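Peer 1: This structure is in structure tokens; I'll ask about it shortly.
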Amino acid sequence: MAKDEKGRDERNFFVKPDYLINFDTRQLPQEYWDYVIVGSGIAGLYTAHIAGSMGKKVVVITKQAVDHSNTDKAQGGIAAALGTSDSPQLHFKDTLVAGAGLCDESAVKILVNEGPDRVRDLIEIGARFDRKGGELALTKEGAHSRRRILHASGDATGAEIQRVLTHRMREDKNILVLENHLAVDLLVHEGVCHGILVYDRNTGKLTVFRGASVILSTGGLGMLYEHNTNPEVATGDGIAIAYRAGAEVMDMEFIQFHPTVLSLPGAPRFLISEAVRGEGAYLRNRYGERFMTRHHDLAELAPRSVVVRAILAELASTASEKVFLDLSHMSPDLVGERFPTIGKTCAKYGLDITRDPIPVAPAAHYMMGGVKTNLSGETSIRGLYACGETSCPGVHGANRLASNSLLDGLVFGYRIVECVKKYKLGHQKKKEEFACDRLKPDAAPYKKIRAELRTVMNQYVGPVRTDQGLKKALDFFGRHEWLKHVEAPGSEDMEVRNMLDVGGLIAESALMRTESRGGHYRLDYPESQDRWQKHIILKK
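Residue numbers (the working numbering): 2 to 541.
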């Protein structure tokens, strides 16, 4: 049997070209699980809950605390056709309209048909959604034709879902959660995922996690932009990890910018929920004029991409940096009951939302694209799955319908577990070993690069794009290719590498798509074109 220079077994040993750090799995501790789940938002935790309830051994890896996720920050609610006047068919139609011609209809049918049962699952395990007269209190949001949005504590729906799923995870002895652990890179050979390399942010030590399935559910990438609604953990890690390993990614040009994000000096970019407009709030320009009626028949309830472009047009025509959300004509009791979190946050900055207009502007919010999957969450790499905002089964098309994101995480997370049950991969895979020793220990100004990257994304890959701007962005990413030959020694450095990889994919796809559609708007190609009713798929 062949040995290396140190006498170690070389059989089934592979050196791959594109990792973030030097390592040798033969020298690292290794753990074996049925499910290795990366990420602790709704998609990751619900998948863990379903697998754990079946008696499977599950480890959840999350780079900060469990509740540091986009899910925990979600205000508006979760959409499901549960009302007596609603149906999955109507939800299906609304989703397709919002998706601007790029939704995978099979994926949407699964979402709307299976969604109600998944929401009932949440209720059965303890999720407390708001009720009125004993019935679920359903609200309406932009581009929905019916009241189908469940909410909790008015505008704290995500926090309630995070609470109940975290509680279930803590109670389940089959589930182990590892906080402050960063997924570094996948271990893939000949199209099969053999595990994932994980960095302990507390100790700096590496561990190899192997499993029947590795599931990426790391959430979004809002931190690539200066102005965003996401928590600091949203750096696109899952997409970057999958892409480096050879997985296909799809629809990377489609970033959803939320129309109404608090815009005040010194205030955080706090999301003002879609549900505020769903309950009747108006958008006004600096002159107090209600302008959405000029842009779309649904006015303030138009799809998000339409509202964003209308706001941008209004800002340009009035030489302004913000527009205003007006709730003053609404019942103060309704406003207080439905939007307590928004009210308290705005009050910190001297605004009484029952009478004062809220200054708002668009900010990066959600990624419609991601790691390409089939309808069971399988990626192009065997044994690797993705769900939630990290994934792209085509369910959102070019523009996500409001409050479909939480539902997406539930439905496709559940389908992954159902899919894995059919296979016998995991511990029966041949044990392969992996290593990287080519990276130089040179220092790199990662903090400076991170700041520059966010400025570049905001200026050139934001809600309005041009050929010239996108080429400037790609030039920035090209000038940092040298970092691929340098080791990223710490977790924040690894994040920057992930951000560079993902930012480059977004800019590349945006330059390729010479039209405007959904969340992708080209000033030099302002109309949609039939020839672009297709997906852009990238692979390393």
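Note that beta-carbon positions come from the ideal geometry of N, C-alpha and C, so glycine has one too.
Values in this document were obtained by computation on a predicted structure and should not be read as measured data.
1. State the Cα-Cα distance for the pair Asn71 and Leu225, rounded to the nearest angstrom.
2. Could you compute how far the alpha carbon of Leu426 sits from the alpha carbon of Arg211?
3. Could you give the residue range of the alpha helix (DSSP H) that holds Arg169?
4. Excluding the five sequence neighbours on either side, which residues of its own chain have a C-beta within less than 7 Å of the C-beta of Gly8, listed in chain order?
5. Between which two residues does the beta strand (DSSP E) containing Leu440 stretch?
6. Closer than 8 Å is the cut-off here; do at least three beta carbon pairs connect the region 165 to 177 with the region 294 to 313?
7. Could you tell me which residues DSSP puts in a beta bridge with Ser86?
8. So, helix, strand or coil for Lys133, using DSSP?
9. Give the secondary structure of Ala248 by DSSP, where H, G and I count as helix, E and B as strand, and everything else as coil.
10. When burial is assigned at 16 or more other CB atoms within 10 Å of the CB, is Glu161 buried or exposed?
11. Using DSSP with H/G/I as helix, E/B as strand and the rest coil, what is His92?
12. Hey, does Ala80 have any beta-carbon neighbour from chain C nearer than 9 Å?
13. Less than 8 Å separating the Cβ of Arg291 from some heavy atom of the ligand SAM?
14. Report, in whole angstroms, the separation of the C-beta atoms of Leu217 and Gly192, which I expect to be a contact under 8 Å.
15. Would you give the residue range spanned by the beta strand (DSSP E) that Ala35 belongs to?
16. I'd like the list of long-range same chain contacts for Asp468, defined as Cβ closer than 6 Å, with 5 residues on each side in sequence excluded.
17. Since I believe Ser274 is in contact with Gly384 (beta carbons under 8 Å), could you give me their beta-carbon distance rounded to a whole number of angstroms?
18. For His428 and Thr26, what's the separation of their Cα atoms in angstroms?
19. Going by DSSP, what residue range makes up the beta strand (DSSP E) through Thr261?
20. Here's the rule: buried if 16 or more other CB atoms are within 10 angstroms of the residue's CB, otherwise exposed. What is Glu482?
21. Sorted by chain position, which residues of the same chain lie with C-beta nearer than 8 Å to Ser529's C-beta, five sequence neighbours on each side aside?
22. Beta carbon of Ser510, beta carbon of Asp252: below 9 Å?
23. By DSSP, does Phe477 sit in helix, in strand, or in coil?
24. Which of the three DSSP states is assigned to Cys104 in this structure?
25. Are the region 125 to 132 and the region 410 to 426 touching, with three or more C-beta to C-beta distances below 8 Å?
26. For Arg278, does the count of other Cβ atoms within 10 angstroms reach 16, so buried, or fall short, so exposed?
27. Measuring alpha carbon to alpha carbon, tell me which residue in Asp494, Gly398, Arg401, Phe478 is nearest Ala445.
28. Taking Cβ to Cβ, would you say Ile197 is nearer than 9 Å to Ala184?
29. Could you tell me how far apart the beta carbons of Leu207 and Val199 are, in whole angstroms, since I believe they sit closer than 8 Å?
30. Asp68: buried (16+ other C-beta within 10 angstroms of its C-beta) or exposed?
31. When DSSP labels each residue in this structure, what does Gly427 get in the three-state scheme?
32. Note the first and the last residue of the continuous beta strand (DSSP E) segment covering Leu187.
33. To the nearest angstrom, report how far apart Ala80 and Glu315 are at their CA atoms.
Peer 2: Once the coordinates are examined:
1. 14 Å
2. Note that Leu426 scores a pLDDT of 49, beneath 50, so its modelled location is shaky; the value from the coordinates is reported in the next line. So the two alpha carbons sit approximately 11 Å from each other.
3. 158 to 172
4. Reliability fails at Gly8, whose pLDDT of 47 lies under 50, so the model's placement of it is uncertain and no value is given.
5. No beta strand (DSSP E) contains Leu440, which DSSP labels as neither H nor E.
6. no
7. The bridge partners DSSP lists for Ser86 come to none.
8. Three-state DSSP puts Lys133 in a strand.
9. Here Ala248 carries a coil assignment [DSSP, helix/strand/coil].
10. buried
11. helix
12. In the structure shown, chain C does not exist; there is a single protein chain.
13. Among the components of this structure there are no ligands whatsoever, and the ligand SAM is therefore not found.
14. Between Gly192 and Leu217 the Cβ distance is about 16 Å, and since that is not below 8 Å, they are no contact.
15. Ala is not the amino acid found at residue 35; the sequence shown has Asp there. Run containing Asp35: 31 to 39, per the beta strand (DSSP E) assignment.
16. Asp525
17. That belief does not hold up - the Cβ atoms of Gly384 and Ser274 are roughly 38 Å apart, past 8 Å.
18. Only weak support exists for where His428 lies, its pLDDT of 49 falling under 50; the coordinates are left without a value.
19. 256 to 263
20. exposed
21. Ala101, Gly102, Glu516, Ser517, Arg518
22. yes
23. helix
24. coil
25. no
26. buried
27. Asp494
28. yes
29. 7 Å
30. buried
31. For Gly427, the predicted model reports a pLDDT of 47, less than 50, meaning its position is unreliable; a value from the coordinates is still stated below. DSSP places Gly427 in helix when its eight states are reduced to three.
32. 182 to 190
33. 30 Å
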